[in-house]
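As they're listed, the protein sequences go chains S and R. Per the UniProt record's numbering, residue 1 is the first one in the first sequence, and the count goes up by one each step. Per the UniProt record's numbering, residue 1 is the first one in the second sequence, and the count goes up by one each step.
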Amino acid sequence: MATVLERVTKVVVDRLGVDESEVKVEASFREDLGADSLDVVELVMELEDEFDMEISDEDAEKIATVGDAISYIEGKVS
Amino acid sequence: MGKLNGKTAVVTGASRGIGRAIALQLAAEGANVVVNFSGSEQKASEVVQEIQNIGSQAIAVQANISDSESVQQLMNAAIEQFGAIDVLVNNAGITRDNLLMRMKEDEWDEVINTNLKGVFLCTKAVTRQMMKQRAGRIINISSIVGVMGNAGQANYVAAKAGVIGLTKTTARELASRNILVNAIAPGFISTEMTDTLPEDVRSSMLTQIPLAKLGNPEDVAKAVVFLASDDASYMTGQTLHIDGGMYM
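In structure tokens:
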């Protein structure tokens, strides 16, 4: 079973077309990974599908880095 | 069969008037149609029946488009039935005409909520699906009065002008995802509403129209088919004026 980090990394690599090595916990989607605001919205949509959860707009706005996404998801699934 | 074979279209306010003609025309081009209605269930089922008679698929779905939950249920029903939403036609609209000085706050609110907020809510609700599909067409029915103004319709005109602005912004936001958003501004179209106008009002209206006649709902519906089809794949953020030359 892949870890949350591995699954998030895969979604980010697929969606943003970045190299796996760039997807670090502290990496910001917009500043470090070249995402525009619509990319981030789509990324959140894909994370919702991947982890079968609903992420509210309010929560989605707080997800700026890979680490934010991971801790949000871990907080929800555990 | 047609230009829209296998596509799925959601048409709001499709039980009567222009919406009905749009639903039928899309179906005639091979589209599956979700016929939204708010009150006229009987009329909506007649439209569904007519569509089935010409060999396309359709369902009627009741929804109040000024309510986000109701809108979500409408779009869910469409996806459940047909698996996609390729085309959204924001057509539903109401009038509560009054002079500005006499217009009540609730007359303003009702019209803005249905005719403008409704477009926002329906657009927002299909965007997720269309982004996933990497394709979609959104066609908003505005009005000539949204461009020219019209005494006695401050609420309606504000909403219809708002729809044009919303069309341009949505077009810009979603262009990179291949979701094209355009508006149509019909002029005087022969519907139940214009059929009841007194003869003198009708004839004075006609003097302002270069083509000197009212349009038919089908004239608008054919423009919708164009905007929904591959023929319009290089246009977004535009407003098509289907008005016999009244505004130019």
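Here a beta-carbon is modelled for each residue, glycine too, at the ideal position from N, C-alpha and C.
Looking at the C-beta of R:M131, does it have a partner C-beta in chain S at a distance below 9 angstroms? yes
Contact set between R:S68 and chain S, taken where Cβ atoms lie within less than 7 angstroms: In chain order: nothing, as chain S lies at least about 12 angstroms away.
Among R:A63, R:K3 and R:N53, which one has its Cα closest to the Cα of R:G13? R:A63
R:Q153 versus R:I138, R:E110, R:I65 and R:G215, residue with shortest Cα-Cα distance: R:E110
R:Q49 bridges to which residues according to DSSP? The partner list for R:Q49 (beta bridge, DSSP) is empty, contrary to what the question assumes.
DSSP three-state assignment for R:L174, whether helix, strand or coil: helix
Simplified DSSP state of R:N182, which is helix, strand or coil: In the three-state reduction of the DSSP assignment, R:N182 falls in the strand class, which pools E and B.
Secondary structure at R:R128, three-state DSSP: helix, strand or coil? helix
Excluding the 5 residues flanking R:A21 on each side, which residues of the same chain have their C-beta closer than 6 angstroms to its C-beta? P217, E218 and A221
Enclosing alpha helix (DSSP H) for S:R7 [first to last residue]: V4 to L16
With a CB to CB cut of under 6 angstroms and the five nearest residues on each side skipped, what residues in its chain are close to R:G30? M1, G2, L4 and N5
Between which two residues does the beta strand (DSSP E) carrying R:I138 extend? G136 to I141
Identify whether S:F29 lies in helix, strand or coil by the three-state DSSP scheme. coil
Distance, Cα to Cα, R:T236 vs R:A175? 8 angstroms
Mapping the DSSP letters down to three states, classify R:N98 as helix, strand or coil. For R:N98, the secondary structure class from DSSP, reduced to helix, strand or coil, is strand.
Counting only the same chain and skipping the five closest in sequence on each side, list residues whose C-beta sits under 7 angstroms from that of R:T191. G17, I18 and P217
When you compare only the Cα positions, how much space is there between R:G149 and R:V157? R:G149 and R:V157: Cα-Cα distance of roughly 6 angstroms.
Is the beta carbon of R:V126 sitting closer than 9 angstroms to the one on R:V11? Result no, Cβ atoms of R:V126 and R:V11 do not sit closer than 9 angstroms.
Short check: CB of S:M76 to CB of S:M45, under 9 angstroms? The sequence shown places Lys at residue 76 of chain S, not Met. Not closer than 9 angstroms, so no.
R:Q25, enclosing alpha helix (DSSP H) - first and last residue: For R:Q25, the enclosing alpha helix (DSSP H) stretches over residues G17 to A28.
Taking the alpha carbon of R:S233 as the reference point, which residue from R:V87, R:L206 and R:K132 has its own alpha carbon closest? R:V87
May I have the straight-line CA-CA distance separating R:K28 from R:N140, to the nearest angstrom? It is worth fixing the name first, because residue 28 of chain R is Ala in this sequence and not Lys. Roughly 20 angstroms separates the two Cα atoms.
Check for me: the beta strand (DSSP E) holding R:A31 runs from which residue to which? Where R:A31 is concerned, there is no enclosing beta strand (DSSP E), given that its DSSP letter is neither H nor E.
For chain S, is any of its Cβ atoms less than 9 angstroms away from the one on R:E173? yes
Going by other Cβ atoms of all chains shown within 10 Å of its Cβ, with 16 needed for buried, is S:S56 buried or exposed? exposed
Span of the beta strand (DSSP E), counted from its first residue to its last, around R:L240: Per DSSP, R:L240 belongs to the beta strand (DSSP E) from T239 to I242.
Would you check if the distance between the CB atom of S:D9 and the CB atom of S:V66 is smaller than 9 angstroms? One detail in the question is off: residue 9 of chain S reads as Thr in this sequence, not Asp. Yes, Cβ-Cβ distance for S:T9 and S:V66 is below 9 angstroms.
Check whether the Cβ of R:R177 lies closer than 9 angstroms to any Cβ atom in chain S. yes
N- and C-terminal bounds of the beta strand (DSSP E) containing R:V89: V87 to N90
Under DSSP, the alpha helix (DSSP H) around R:Q208 begins and ends at which residues? Premise fails: R:Q208 is in no alpha helix (DSSP H) and is neither H nor E.
For R:F188, three-class secondary structure by DSSP: coil
Select from the UniProt domain "Carrier" (2–77) of chain S all residues with a C-beta closer than 7 angstroms to any C-beta belonging to chain R, and list them in chain order. L38, E42 and M45
Among R:N113, R:T170 and R:W108, which has the Cα closest to the Cα of R:R137? R:T170
Partner residues on chain S for R:R20, Cβ-Cβ distance less than 8 angstroms: Chain S residues near R:R20: none, gap ~34 angstroms exceeds 8 angstroms.
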